[in-house]
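Quick notes on the structure that follows.
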Amino acid sequence: MRKSIWLWSTLILLPLPIAYFSLRSSDPAPRLVGAPLGSQNRGPANYGGRSALQWGKVEIDASKLAVGGTPATNLSGVTAMKLAQSGTVITRGTRLFAVINNECLDRFIRQRSSGIMKAIPPTVSEEAYDNAEKEEVEGLATQAYSFEVEADLSLSQVVSSAEDDPCLEHLSEERKVRLALPTRSPSGAPTDPSTNLQLHLANIKAPQAYDLFYSSSRAISKDTVVAVVDSGIDYNHEDLAANIWRSGDGRPGYDFVNGDASPLDDLGHGTHVAGLIGAVVDNGKGGSGVIGKKVKLMAVKVIGADNEGSMSDYINGLRYAADNGAEIINLSLGGSETSRAEEEALRYAIGRGAIIVTAAGNDGKELTATSNDYPAGYSPTIAGIVTVGSVDTINNEISEFSNYSPTYVFIGAPGAEDSVASRGLYSTVPQNLYDRYQGTSMSTPVVAGAAALVLGVAKSEGLSLTSAQVIDLILGSARIESSLTTKFKSGRILDLERLARAVKWKLLVDSDGGTEDAQ
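In the working numbering, the protein residues as written are 12 to 530.
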C-alpha cells in the first residue's frame, strides 16, 4: 500500500509545475517485535479507497496479501479473521514497519527466542540483525523500524507469533510517501535584506502587535521551541543560526533520512519554512520571522536530497520532536490516506505538550469526510491540531491552490502574495540566500510563529497553557472575512494585532488581578 504525502508548497516567481517524488526509507535493519494481540479482529478499514485488515496493533493492506497465489484485494463478504485463519500470506517483497519500544529491542534481538522475532528470522538477513543496534536514535524511546519481507510469510503465523511479545506498538506495511516541493526559479533568488519584501507581515498586522510581544514591560523573555519536521534546516544560515535549537550536546536536531545528527537541508523547503517562523529580527540581514527572537528552531529531517523518505521516518520525527521538548511542531506536509501509526504519533506529541500546526494542502479542493488530507483530517477530532489554509496577501482572498473546508480548515494565513501571478512569500533558503515560495506550506509556519508568540508571553509570565488554549486564543482573535465563511471555519484569517490584544486581556490582565501594562 502506498500512502501519498505532499510538502504543501510551490515556487512563486514563475507558474512552474509541482515536482512529485517519493520519500526514501533509511532502511533500518529488518527486525520486528510484537505485542499481545489475542484474537481481536477489527476488520477492514478504508485508506483512500483501499482496504486494510486490523488485528489489535497489526494493520496490513489487503493488496499485500495473497490467497492461493492470488492477491486478496477484494474483501467483500470475507472477514479479516477468516483470512488470518486461511492460507493467506504476506507476499515476498512487502515492506513492513514496526513501531516498538527501544528498551525492549536489544533483549529480543539477542534472544530471538519468542514472539514474532522467532517467526521472522528465516526470511531476513542475519547481517541486518547484527547491525541493528546502530540504527537506534539516542533518546528516542519509541521508534519505527522498517524491513522488506524476503519470502512469503503466513499471516496467521505473524499474528499468533506476536501474541507473547510485549514491545510492539504498531505493525503495518511501509507506506511510501510522495511530496510536492517547489522548484527553484531559473532567474535566481532575491537577496535584498528588507522586511519590505515580506508583505505577509503587514497583512497579519505584525508591526502593530510587536509592541506587546517585543517592546513592552511584559515582552517575551523566555524561548519557545518550534520543531520543523521537514527537509531539514540550513542551521548555519546567516538569518537563522542565532535562533537554532541545540540539544544538551550541541546538536541542532536529527536527520532520520541519513541516520545522523546533522539535519542540513538539501532541498530548501524546510529552510524556507524555518525562516517564516523564526528568521532573526533586527540583525540587518534578510527579513524577519513572525517570531524573530526568543524562539529556537529544531531541525527534524524526514525528507532527503533524493526526494525520498518513509512513513517510519515521519513517525520517528514526530516522536523525536516531542521527546526533545518541542512545544510547537510545524507540519507543512500531508497526504490523502489515514494511518493509525501517524494518528497515534500525533496524539503522543500532543500528550507531551506540543501544538501541531499543519497545512490544508494545495489541491484547490474542499476537504470532506470522504475526500480529505492528513494530518489535516484529524483536526476536528484531535484537540491540539490546527489546520491552516492559504490566502493571498494582496487581495485577502483564498489562494487558488489552497484546500478549504469550514469543518477541517480552522484558519487562513498568507501563503502567497498573489497566487495568480505566482508570487510567494519571501524567506530564507540554503547558503545564505532568500527566495519566494507559495503554498499552504508557507501559511502554516506563519500560524506556527503566532502560536510561539502566545506561548512565549505565557511562559515569560509563569503561566501554563494547553495546546487547545493556545489554538483557541489564535482562532478567537482572528478577523472574520465574510467571503471566506465557506472556505475556513467561520471565515477566520490570522490577525496578530487582535491576537496581541487577546493575550493582553485574557492572559496578562486576568492573571494579575487586573493590573494593566502602562505602555
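Here a beta-carbon is modelled for each residue, glycine too, at the ideal position from N, C-alpha and C.
My guess is that Lys68 and His181 are in contact by the Cβ rule of under 8 angstroms, so how many angstroms apart are they, rounded? For this step, residue 68 is matched to residue 57 along the sequence shown. For this step, residue 181 is matched to residue 170 along the sequence shown. Rounded, the Cβ-Cβ distance is 5 angstroms, consistent with contact.
I need the straight-line Cα distance from Ala352 to Ser452, nearest angstrom please. The residue you call residue 352 lines up with position 341 of the sequence shown. The residue you call residue 452 lines up with position 441 of the sequence shown. Each residue's Cα considered, the two are about 23 angstroms apart.
Identity of the residues DSSP links to Lys307 by a beta bridge: In the sequence shown, the residue the question calls residue 307 occupies position 296. For Lys307, which the question treats as bridged, DSSP gives the partners Val236.
Which two residues bound the contiguous alpha helix (DSSP H) that contains Tyr246? The residue given as residue 246 occupies position 235 in the sequence shown. Tyr246 -> no alpha helix (DSSP H), and no H or E assigned at all.
Rounded C-beta distance between Ala371 and Gly400? I'm assuming under 8 angstroms. In the sequence shown, residue 371 corresponds to position 360, counting from 1. In the sequence shown, residue 400 corresponds to position 389, counting from 1. About 4 angstroms; that satisfies the 8 angstroms criterion.
Could you check if Pro218 is buried or exposed, using at least 16 other CB atoms within 10 Å of its CB as the buried criterion? Walking along the sequence shown from the start, residue 218 turns up at place 207. Answer is exposed; the Cβ neighbour count stays below 16.
Could I get the ranges of all uninterrupted beta strand (DSSP E) runs contained in the segment 314-371, with 3 residues as the minimum, in chain order? 339-342, 344-346 and 366-370
Among Ala511, Val465, Ile339 and Ser258, which has the Cα closest to the Cα of Ile361? Taking the first residue of the sequence shown as 1, we reach residue 361 at position 350. With distances taken between Cα atoms, Ile361 lies closest to Ile339.
Burial state of Glu185, where buried means 16 or more other Cβ atoms lie within 10 Å: On the sequence shown, residue 185 is found 174 positions in, with the first residue counted as 1. Glu185 is buried by the Cβ-count criterion.
Between Pro425 and Asn113, how many whole angstroms is the CB-CB distance? I'm expecting something under 8 angstroms. As a working note, residue 425 is residue 414 in the sequence shown. As a working note, residue 113 is residue 102 in the sequence shown. Not quite, the Cβ-Cβ distance comes to about 41 angstroms (not below 8 angstroms), so this is no contact.
Out of curiosity, what's the CA-to-CA distance linking Ile111 and Glu70? Numbered from 1 along the sequence shown, position 100 holds the residue referred to as residue 111. Numbered from 1 along the sequence shown, position 59 holds the residue referred to as residue 70. Rounded to the nearest angstrom, the two C-alpha atoms are 14 angstroms apart.
Does DSSP put Thr439 in a helix, in a strand, or in coil? On the sequence shown, residue 439 is found 428 positions in, with the first residue counted as 1. In the structure shown, Thr439 sits in a strand (DSSP, three-state: E or B).
By alpha-carbon positions, which one of Gly264, Gly502, Thr439 and Ala489 ends up nearest to Arg509? By 1-based counting over the sequence shown, the position of residue 509 is 498. Answer by Cα proximity: Ala489.
Could you tell me the alpha carbon to alpha carbon distance between Ser321 and Gly467, rounded to whole angstroms? Numbered from its first residue, the sequence shown carries residue 321 at position 310. Numbered from its first residue, the sequence shown carries residue 467 at position 456. Distance between the alpha carbons of Ser321 and Gly467: 33 angstroms.
Measuring CA to CA, which of Asp271, Ala356, Asp234 and Ser478 is closest to Ile326? By one-based count along the sequence shown, residue 326 stands at place 315. When only C-alpha atoms are compared, the closest one is Ala356.
Could you name the residues that DSSP lists as bridge partners for Gly423? Taking the first residue of the sequence shown as position 1, residue 423 is located at position 412. In DSSP, Gly423 forms a bridge with Gly400 and Ile504.
I need the DSSP call for Leu275, collapsed to helix, strand or coil. Mapped onto the sequence shown, residue 275 falls at position 264. Leu275: coil per DSSP, three-state reduction.
Do Ala469 and Ser475 have their beta-carbon atoms positioned less than 9 angstroms apart in this structure? Position 464 of the sequence shown holds residue 475. Position 458 of the sequence shown holds residue 469. In this structure, Ala469 lies closer than 9 angstroms to Ser475 by Cβ.
For Gly60, name the three-state secondary structure that DSSP assigns. Reading the sequence shown from its first residue, position 49 is the one you call residue 60. Its pLDDT being 49, under 50, Gly60 is placed unreliably in this model, and the value from its coordinates should be taken loosely. Three-state result, Gly60: coil.
Shorter than 9 angstroms from the beta carbon of Ala427 to some beta carbon of chain C? Absent from the structure is chain C; it holds one protein chain and no more.
Compute the Euclidean distance between the alpha carbons of Ser167 and Leu76, then round it to the nearest angstrom. Reading the sequence shown from its first residue, position 156 is the one you call residue 167. Reading the sequence shown from its first residue, position 65 is the one you call residue 76. When rounded, the distance between both Cα atoms is 11 angstroms.
Just checking, does the segment 380-399 make contact with the segment 341-351 on the three C-beta pairs under 8 angstroms criterion? yes
Quick check on the burial criterion: 16 or more other C-beta atoms within 10 angstroms. Buried or exposed for Val514? The residue given as residue 514 occupies position 503 in the sequence shown. Looking at its Cβ environment, which holds 16 or more other Cβ atoms inside 10 Å, Val514 is buried.
Whole-angstrom Cβ separation of Val402 and Gly423, contact assumed at under 8 angstroms? As a first step, residue 402 is located in the sequence shown; it is residue number 391 there, counting from the start. As a first step, residue 423 is located in the sequence shown; it is residue number 412 there, counting from the start. Correct: roughly 4 angstroms between the Cβ atoms.
From Ser228 to Leu518, what distance separates their C-alpha atoms? The residue labelled residue 228 in the question sits at position 217 within the sequence shown. The residue labelled residue 518 in the question sits at position 507 within the sequence shown. Their backbone Cα atoms lie some 15 angstroms apart in a straight line.
Within the same chain, show all residues whose beta-carbon is closer than 8 angstroms to that of Val378, passing over the 5 residues directly before and after it, in chain order. Counting from 1 along the sequence shown, the entry for residue 378 is found at position 367. Looking at the sequence itself, residue 378 is Leu, so the reference to Val does not match. Cβ within range, chain order: Ala371, Gly372, Asp384, Ala387, Gly388, Asn414, Tyr415, Ser416, Thr418, Tyr419 and Val420.
Beta-carbon separation of Ala290 and Leu251 under 9 angstroms? Along the sequence shown, one-based indexing puts residue 290 at 279. Along the sequence shown, one-based indexing puts residue 251 at 240. Yes, these two residues count as a Cβ contact at 9 angstroms.
Are the beta-carbon atoms belonging to Leu208 and Val301 less than 9 angstroms from one another? Reading the sequence shown from its first residue, position 197 is the one you call residue 208. Reading the sequence shown from its first residue, position 290 is the one you call residue 301. Cβ distance not < 9 angstroms, so Leu208 and Val301 don't count as in contact.
Burial state of Ser493 (16 or more Cβ within 10 Å): Taking the first residue of the sequence shown as 1, we reach residue 493 at position 482. Its Cβ having fewer than 16 others within 10 Å, Ser493 is exposed.
Helix, strand or coil at Asp483 [DSSP, three-state]: In the sequence shown, counting from the first residue as 1, residue 483 sits at position 472. Reduced to three states, the DSSP call for Asp483 is helix.
Going straight from the alpha carbon of Asp506 to that of Ile409, what length do you get? Position 495 of the sequence shown holds residue 506. Position 398 of the sequence shown holds residue 409. Going from the Cα of Asp506 to the Cα of Ile409 covers about 15 angstroms.
Rounded C-alpha distance that separates Arg434 from Thr404: Taking the first residue of the sequence shown as 1, we reach residue 434 at position 423. Taking the first residue of the sequence shown as 1, we reach residue 404 at position 393. So the two alpha carbons sit approximately 10 angstroms from each other.
Can you give the Cα-Cα distance for Asn407 and Ala432, rounded to whole angstroms? Numbered from its first residue, the sequence shown carries residue 407 at position 396. Numbered from its first residue, the sequence shown carries residue 432 at position 421. Computed Cα separation, rounded: 14 angstroms.
With distance defined between alpha-carbon atoms, name the residue in Ala155, Gln480, Ser350 and Cys178 nearest to Ser64. Locating residue 64 in the sequence shown gives position 53, counting from the first residue. Position check: residue 64 holds Leu in this sequence, whereas Ser was assumed. Here the closest residue by C-alpha is Ser350.
Can you tell me where the beta strand (DSSP E) holding Tyr389 begins and where it ends? By one-based count along the sequence shown, residue 389 stands at place 378. Looking at the DSSP string, Tyr389 is not in any beta strand (DSSP E), and its letter there is neither H nor E.
Taking the alpha-carbon positions, what's the Arg503 to Ala220 distance? Position 492 of the sequence shown, counting from 1, holds the residue named residue 503. Position 209 of the sequence shown, counting from 1, holds the residue named residue 220. Looking at the two C-alpha atoms, the distance is approximately 18 angstroms.
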